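Peer 1: My questions all concern the structure below.
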Amino acid sequence: MKRTILTIDDSRTMREMLKVTLASSGFTVVQAEDGQHGIEVLEGMEIEPDVIITDINMPRKDGFQFIEEVRADASRRAIPILVLTTESDAEKKQRARLAGATGWIVKPFDPTKLVDAINRVAA
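The letter at position 83 of the sequence shown is residue 83 when you use the UniProt record's numbering, and the numbering goes up by one with no holes.
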């Protein structure tokens, strides 16, 4: 069965790179432009995504706020959330973990490692 990945990033280039990488690996890709849009897209989806990939630094609602909002919904607590960001600061990683992030990947990403990470957390 095809896995569905929700990607959230305010960079059009990054969204496109994620879409190409993930679609070529057999995933269905749904995209959002920031955390607020991510919540709206998530609420409009017929089936829950298998994995969510979110950036941290975004307008309207950042990645931390997005993760906290998703985790506040009991029915969505089990969805793995990977943070994909240029940030590598230990304090931010800890904050993401406390918010409920499953993992952390630093941009620029290695396509093979990203797909491996998705398959690990979605298993």
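Ideal Cβ positions, reconstructed from N, Cα and C, are used throughout, including at glycine.
Remember, it's a predicted structure, so these values are computed and weren't measured experimentally.
In the DSSP assignment, find the unbroken beta strand (DSSP E) run with residue 44 in it and report its ends.
Peer 2: No beta strand (DSSP E) holds residue 44; the alpha helix (DSSP H) holding it covers 35-44.
Peer 1: Determine, using beta carbons only, whether residue 122 and residue 29 come nearer to each other than 8 Å.
Peer 2: Not in contact: residue 122 and residue 29 (Cβ atoms no closer than 8 Å).
Peer 1: Is the beta carbon of residue 98 closer than 8 Å to that of residue 53?
Peer 2: Contact flag unset, no.
Peer 1: How would you call residue 55, buried or exposed, if buried means at least 16 neighbouring beta carbons within 10 angstroms?
Peer 2: With 16 or more other Cβ atoms within 10 Å, it is buried.
Peer 1: Per DSSP, what kind of secondary structure is residue 79 in: helix, strand or coil?
Peer 2: If DSSP states are grouped into helix, strand and coil, residue 79 belongs with coil.
Peer 1: Taking just the CA atoms, how far does residue 89 sit from residue 48?
Peer 2: Answer to the nearest angstrom: the Cα atoms are 30 Å apart.
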